[in-house]
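Convert by adding 1 to the 1-based position in the sequence shown; the result is the number in my numbering.
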Amino acid sequence: MLEMNRQEKQILQSKLLATMTPFEVEVHWPLIEEIRRLKKEKNAVLLVHHYQTPEIYHGVADFVGDSLGLSRKAAEATCDRIVFCGVHFMAETAKLLNPKRKVLIPDPEAGCSLSEAITVEDVRALKAKHPGAPVVCYVNTTAAIKAESDICCTSSNAVKVVDSLKSDKVIFIPDEYLGQNVARETNKEVITHPGHCMVHEQFTVADIDNYRQEFPGIEVIAHPECKPDVVQAADYSGSTSGMIDHIAQSKSKKIMLITECSMSDNLRAKFPDRDFQVPCTFCPHMKKITLEKVCRSLKEDVFEIEIPEAIAGKARLAVQRMLEIF
Ligand code: 13P
Ligand code: SF4
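In structure tokens:
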């Protein structure tokens with residue numbers, strides 16, 4: 002096994018020290034080394050979402066990304082195992098796109114308030130009420146909901162996916178606010194369902210106003226799962242990777258990220274010259290993934306994602322349609 006050389010160790014430790022005390026780094030270090038060793042032994046790749054904690058994000062990830070970027074990485078993976086450090090729907094999407102690989106999630110209880118907000122019966126009722134309208138499902142849905150949908154989208158391509166459809170009316174599920182934010186940018190009629198992200202729905206325009214008063218000139222960046230008035234009060238809105246690309250080309254020194262709080266922690270190492278202000282609003286589902294559970298997942302091959310083929314075939318089509326166009 003190739004161990005980290007001194008320079009690699011120093012780089013990694015300096016990233017961790019951007020948000021941790023030396024003592025915390027010391028506490029995490031043995032598991033970081035163990036996981037890196039196990040990844041090689043088990044021929045596994047670790048896909049890590051931007052909302053994971055820094056010890057996972059900087060310490061053990063092979064690839065970090067937003068839902069779209071990680072789906073693409075999952076589709077391309079040639080290793081024996083994919084360990085998904087994110088939430089269940091993300092690991093399920095990885096399995097749909099690469100069914101031959103063993104896809105593991107370190108905690109199967111890592112869910113999502115959006116994916117829990119809609120049932121197959123709800124989708125069928127919407128289709129019956131709006132016959133002929135295609136169904137666009139946000140990637141934050143179970144495979145069973147994807148199987149009922151015509152095409153999938155993520156926060157980085159939702160407007161393009163909706164615009165790509167011939168129909169003047171589309172059913173957009175399950176994120177009501179994302180649907181409303183998309184509707185502002187297209188000429189189509191967008192039918193929504195009342196599902197919300199439990200993290201992003203907490204932010205208000207008053208939060209933004211208060212920050213702007215306290216830190217004049219601060220740039221406000223919001224995820225499109227926020228309420229429409231919050232997105233409109235922000236200077237920029239985009240997927241988690243879209244936010245990072247935007248920050249990379251922005252000259253702002255003070256930035257307010259209206260999203261899950263680990264994202265700011267992770268970006269402090271990437272953009273040490275910026276000052277990130279963030280109301281600490283964390284996703285309890287994302288935080289179910291810990292170094293201990295990642296280590297167990299690799300050692301014991303748990304918890305494997307399995308999707309019945311009757312659902313997987315149709316769900317895969319919806320995701321592949323999206324990847325073929327965007
Ligand atoms: P992104 O695709 O922008 O990373 O969003 C995923 C998510 O769950 C945001 O809450
Ligand atoms: Fe779901 Fe919101 Fe958590 Fe993202 S942040 S995984 S949308 S609950």
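Backbone N, C-alpha and C fix where the C-beta goes; we use that ideal spot for every residue, glycine too.
The region 73 to 82 makes no contact with the region 269 to 283: fewer than 3 CB pairs, one atom from each, lie closer than 8 Å. The beta carbon of I312 sits closer than 7 Å to those of A144, A145, A148, all from its chain and outside the five residues before and after it, given in chain order. I174 is positioned such that its CB atom lies closer than 8 Å to that of V124. Proximity to N182 across V221, V231, A134, D208 peaks at V231, based on C-alpha coordinates.
Between the ligand 13P and S157, a heavy atom-to-CB distance of less than 7 Å is present. The distance from the Cβ of A19 to that of A270 is about 4 Å, consistent with a contact at the 8 Å cut-off.
In this model, Y178 and V206 are separated by some 14 Å (Cα to Cα). Assignment of C296 by DSSP, reduced to helix, strand and coil, places it in the helix class. A111 is the residue among T79, A111, P100 whose C-alpha sits nearest the C-alpha of C86.
At a threshold of 7 Å, H89 does not count as near the ligand SF4, since its beta carbon sits no closer than that to any of the ligand's heavy atoms. If you draw a straight line from the Cα of F272 to the Cα of C262, it is about 15 Å long. Between the alpha carbons of F327 and E215 lies a distance of about 40 Å.
Given a length threshold of 3 residues, each whole run of the beta strand (DSSP E) inside the region 55 to 82 is given here in chain order: 64 to 66.
The beta-bridge partner set that DSSP reports for E305 consists of L105.
L39 is the residue among L39, P23, H29 whose C-alpha sits nearest the C-alpha of R297. Between H197 and L127, the C-beta spacing is not below 8 Å. Under the three-state reduction of DSSP output, E110 falls in the coil class, being neither helix nor strand.
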